[in-house]
DNA sequence: CGACACAAGATTGTATACAATCTCGTGTGC
DNA sequence: GCACACGAGATTGTATACAATCTTGTGTCG
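Protein chains in written order, with this note's numbering: chain B, 1 to 227; chain F, 1 to 227.
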């Protein structure tokens with residue numbers, strides 16, 4: 001892919017796999033056979049193992065000793081925990097971001113939202129979801145908090161899995177509006193409004209999930225599909 | 001070490017190295033040669049690499065392509081970011097913990113504080129610091145938030161490095177008192193007080209650091225000492 | 001005398017081979 | 001007919017070997 005800019009190789013594969021999960025091309029519970037993945041990407045098991053280990057640390061993959069790697073299946077409890085963490089981190093960070101956002105940042109966020117719209121319009125729901133996650137990470141970056149941005153990144157990744165498992169289709173395109181409102185608040189440098197909007201946005205997301213009694217979808221079937 | 005309870009091997013080494021960093025036996029900037037570490041623990045480079053990769057993800061180790069692994073040297077900026085993240089996560093979590101703490105939890109925390117005192121009295125400052133970090137993680141666990149506990153764990157690890165780099169010796173044993181006050185608030189199920197105490201505790205920690213103009217300590221010298 | 005170029009040594013990145021463990025189908029006994 | 005035990009196949013865990021890259025010391029040129 002990038003023959004000139006040498007990239008860490010295992011990171012490349014980790015990104016590819018992560019993207020597949022984000023775009024819901026890899027379903028939760030899918031088994032990730034090392035030989036298979038190695039063959040697909042034309043590398044050895046060594047780098048695949050490194051990539052899987054990294055994804056495991058991000059919560060995207062569950063590693064079971066002598067059993068292999070599976071795309072994680074967050075439990076209802078996990079889902080609540082993830083959104084609890086996001087509720088602690090993101091609203092305040094959105095406030096900071098609004099207080100120090102630059103014109104260039106605003107332009108970038110604007111482009112981002114447009115891409116999101118385009119993907120949604122093109123029926124690429126998976127890609128739209130992925131971009132929607134990136135939006136949240138961008139905000140943490142604008143707040144100049146790389147550490148928090150990294151955490152938000154992990155939480156977004158798990159949120160993607162959670163949405164794949166527990167999303168109830170009722171409400172369709174809540175994202176775009178919420179993100180647009182956030183952008184407005186940031187453009188006005190209104191930190192307090194940005195914080196409130198983010199809090200509400202996360203709450204909307206959480207309540208749009210069906211976390212009552214979902215027994216994790218049949219694994220074996222999904223495994224069969226995945227292989 | 002544990003011949004009966006089979007543990008993941010690379011995790012074991014990661015823990016050993018992490019402990020060494022926590023207890024300030026491995027100084028920031030120290031180079032971690034793969035062959036050397038492999039020889040010390042009597043395993044192959046394969047598991048050492050896995051361990052180093054994990055530690056890198058936790059922010060304890062910096063991995064530079066074709067250069068090797070070094071114990072991380074958080075910058076002043078990193079230090080501020082870490083404490084910013086802790087300020088967002090820990091106070092609210094302390095409140096939750098206080099609201100749902102059980103008698104068994106309180107007893108465990110009490111024992112923990114006693115160990116901390118004992119280590120401090122025995123002149124084992126490193127171990128005391130390590131236990132002090134564990135205390136914070138325990139609180140997140142009591143709040144029943146494994147996800148947040150994992151984040152706090154990463155932040156504690158980096159905090160240990162930050163303290164090693166930027167701690168100014170003025171104030172000596174602030175920890176014990178602060179933790180004791182927190183325990184009291186939790187025993188009284190006073191969530192609001194626990195939250196305030198934690199916020200103050202973190203602020204104390206941050207202000208006890210000298211984050212003005214420290215140019216990261218000479219790396220080359222430490223490398224020489226480390227090898 | 002200083003600076004640059006080059007080569008030998010050392011270190012990391014990757015692939016392959018072997019060992020340990022698990023899965024699952026088959027067979028036997030009850 | 002059902003349950004349990006066993007073994008072949010498959011998969012992961014670990015070690016070793018080789019390739020690519022960097023470091024460092026030496027030598028030569030300006």
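Beta carbons: idealized from backbone N, C-alpha and C, even for Gly.
If you draw a straight line from the Cα of residue 137 of chain F to the Cα of residue 131 of chain F, it is about 10 Å long. At a cut-off of 9 Å between C-beta atoms, residue 28 of chain F does not count as an interface residue with respect to chain B. Taking 8 Å as the upper bound on Cβ-Cβ separation, chain B lies near residues 78, 81, 82, 84, 85, 88, 89, 92, 93 of the region 75 to 100 of chain F. The beta carbon of residue 62 of chain B does not come within 9 Å of any beta carbon belonging to chain F, so the residue lies off that interface. From the listed residues F:31, F:85, F:155, the smallest Cα separation to residue 70 of chain F is found for F:31. Assignment of residue 68 of chain F by DSSP, reduced to helix, strand and coil, places it in the strand class. Taking a beta-carbon distance threshold of 9 Å, residue 155 of chain F counts as an interface residue toward chain B. Annotated as proximal: residue 47 of chain B and residue 9 of chain B, with beta-carbon spacing under 9 Å. Scanning the region 102 to 169 of chain F for uninterrupted alpha helix (DSSP H) segments of 4 residues or longer gives 103 to 121, 125 to 142, 146 to 166, listed from N- to C-terminal end. Interface annotation, residue 72 of chain B: not in contact with chain F, CB-CB separation never under 9 Å. By the Cβ test, the region 149 to 166 of chain F is in contact with the region 203 to 211 of chain F, since at least three Cβ pairs between them sit closer than 8 Å.
For residue 88 of chain B, the enclosing alpha helix (DSSP H) covers residues 76 to 100. Per DSSP, the unbroken alpha helix (DSSP H) holding residue 192 of chain F starts and ends at 191 to 207. Comparing alpha carbon positions, the residue from B:181, B:108, B:183, B:167 closest to residue 129 of chain B is B:167. At a cut-off of 9 Å between beta carbons, residue 34 of chain B makes no contact with chain F. Taking the CA atoms as reference points, residue 98 of chain F sits about 8 Å from residue 143 of chain F. Annotation: residue 18 of chain B to residue 58 of chain F spans about 19 Å, alpha carbon to alpha carbon.
Taking a C-beta distance under 9 Å as the contact criterion, residue 84 of chain F and residue 154 of chain B do not qualify as a contact pair.
Excluding the 5 residues flanking it on each side, residue 87 of chain F has same chain C-beta neighbours closer than 6 Å at 202, in chain order.
Contact residues of the region 38 to 55 of chain B toward chain F are 46, 49, 50, 53, 54 (C-beta to C-beta distance below 9 Å). The residues 74, 155, 158, 159, 162, in chain order, have a CB closer than 8 Å to that of residue 82 of chain F in the same chain once the five nearest residues on each side in sequence are set aside. Taking all protein chains shown into account, residue 40 of chain F has fewer than 16 neighbouring C-beta atoms within 10 Å of its C-beta and is therefore exposed.
Spatial neighbours of residue 91 of chain B in its own chain (CB-CB distance under 7 Å, excluding positions within 5 residues in sequence) are listed in chain order as 195, 198, 199. Distance between residue 62 of chain F and residue 124 of chain B, taken at the CA atoms: about 37 Å. Just measuring C-alpha positions, the residue of F:110, F:151, F:53, F:114 sitting nearest residue 11 of chain B is F:53. The Cβ neighbour count for residue 140 of chain B, taken over all protein chains shown within 10 Å, is at least 16; the residue is labelled buried. DSSP places residue 51 of chain F inside the alpha helix (DSSP H), whose first and last residues are 45 to 57.
Taking all protein chains shown into account, residue 192 of chain F has fewer than 16 neighbouring C-beta atoms within 10 Å of its C-beta and is therefore exposed.
For the region 133 to 163 of chain F, residues whose beta-carbon sits nearer than 7 Å to a beta-carbon of chain B comprise 145, 146, 147, 148, 151. Residue 93 of chain F is classed as buried because its beta carbon has at least 16 other beta carbons within 10 Å across all chains shown. For residue 57 of chain B, the chain F residues whose C-beta falls within less than 7 Å of its own C-beta are 54, 57, listed in chain order. Put simply, the backbone Cα of residue 181 of chain B is about 44 Å away from that of residue 34 of chain B. Bounds of the alpha helix (DSSP H) holding residue 35 of chain B are 34 to 41. Beta-carbon to beta-carbon, residue 135 of chain B and residue 112 of chain B are separated by about 6 Å, close enough to satisfy the 8 Å threshold.
In terms of CA proximity to residue 65 of chain B, B:49 leads the group B:49, B:24, B:78, B:186.
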